[in-house]
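**Q** Our numbering numbers the first residue of the sequence shown as 18 and each following residue consecutively. Dropping a structure here in structure tokens format, bear with me for questions.
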Amino acid sequence: MAPKRKSDAAELPARSDAQDAGPSASTSSAKKLRVEDEKENVVEGLAAKAPSAKPTWKDIVLEDEAEGTTPVYDTCDEIRRKIRKLQKEPGFKVTHWLKDIGGINNNSYHRFMKLSGAHSGVENGTYKAAYMYFEKVRLAEGKKKSSKRKDNEWEYPEGIPLKSTHREKYIVRASWFPDSP
Numbered sequence: 018m019a020p021k022r023k024s025d026a027a028e029l030p031a032r033s034d035a036q037d038a039g040p041s042a043s044t045s046s047a048k049k050l051r052v053e054d055e056k057e058n059v060v061e062g063l064a065a066k067a068p069s070a071k072p073t074w075k076d077i078v079l080e081d082e083a084e085g086t087t088p089v090y091d092t093c094d095e096i097r098r099k100i101r102k103l104q105k106e107p108g109f110k111v112t113h114w115l116k117d118i119g120g121i122n123n124n125s126y127h128r129f130m131k132l133s134g135a136h137s138g139v140e141n142g143t144y145k146a147a148y149m150y151f152e153k154v155r156l157a158e159g160k161k162k163s164s165k166r167k168d169n170e171w172e173y174p175e176g177i178p179l180k181s182t183h184r185e186k187y188i189v190r191a192s193w194f195p196d197s198p
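Here it is, written out as structure tokens:
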């Protein structure tokens, strides 16, 4: 009779041994063989991959990432442009990507993408998570910093402020401006 499962087709003890020990002994030995083989393959795969494998974006840790204070040097418009470019890649799924970069909510992502302006969306979680993803990808691929990135590093040495100022109101006294009417 042909085996029903792949595990049953693995090297089993001779038919006479299996009959003497009963049906449970033959299946458990086959499972043990398969599990041991899988463990050996995993260990061999890790040993083979480690020295020659390029680091992926998930392997890279940014400066101050553990504390959550990584400075951001790309504007919101630049991040949105990079996301739109990423969406054009075949097989790209937004939901999978949002989960990978930190479990970003889909509604938050869509609100961020609808905005426009260099600093519109700095408080949105998608902005910082996407920035960190693109920075890690840049480092993994060994690419240089863009000219816009260098300009932003010069203009914002501590990183672009992640607090929006468009809703803040200021009270100014007329005495602070002596030339005013």
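Quick reminder that beta carbons are idealized off the backbone N, C-alpha and C, glycines included.
Need the endpoints of the alpha helix (DSSP H) that Phe151 sits in, please.
**A** Counting along the chain, the alpha helix (DSSP H) containing Phe151 begins and ends at Gly142 to Glu158.
**Q** Whole angstroms is fine: what's the gap from Phe129's alpha carbon to Lys75's?
**A** In a straight line, the C-alpha of Phe129 is about 23 Å away from that of Lys75.
**Q** For the alpha helix (DSSP H) holding Thr112, just list the boundary residues, first then last.
**A** Taken as a continuous stretch (DSSP letters only), the alpha helix (DSSP H) holding Thr112 covers Val111 to Asp117.
**Q** When the distance is taken between beta carbons, is Tyr148 closer than 7 Å to Ile100?
**A** The answer is no: Cβ separation not under 7 Å.
**Q** Helix, strand or coil for Glu172 per DSSP?
**A** DSSP places Glu172 in helix when its eight states are reduced to three.
**Q** Cutting at 6 Å between CB atoms, please list the residues of its own chain near Pro178, excluding the five before and the five after it.
**A** Answer for Pro178: no residue qualifies.
**Q** Helix or strand or just coil, what does DSSP make of Asp54?
**A** Residue confidence for Asp54 is low, a pLDDT of 49 falling below 50, so the modelled location carries little weight; the figure read from the coordinates is stated next. In the structure shown, Asp54 sits in a helix (DSSP, three-state: H, G or I).
**Q** What is the DSSP secondary structure of Lys167, reduced to helix, strand or coil?
**A** Here Lys167 sits in helix by DSSP.
**Q** Please go through the same chain and pick out, in chain order, the residues whose beta-carbon is closer than 6 Å to the beta-carbon of Ile118, but skip the five residues on each side of it.
**A** Here the set comprises Ala146 and Tyr150.
**Q** Check His136 in the structure and name its three-state DSSP category.
**A** Of the three classes helix, strand and coil, the one that applies to His136 here is coil, per DSSP.
**Q** I'd like to know whether the C-beta atoms of Val89 and Gly176 end up nearer to each other than 7 Å.
**A** Yes, these two residues count as a Cβ contact at 7 Å.
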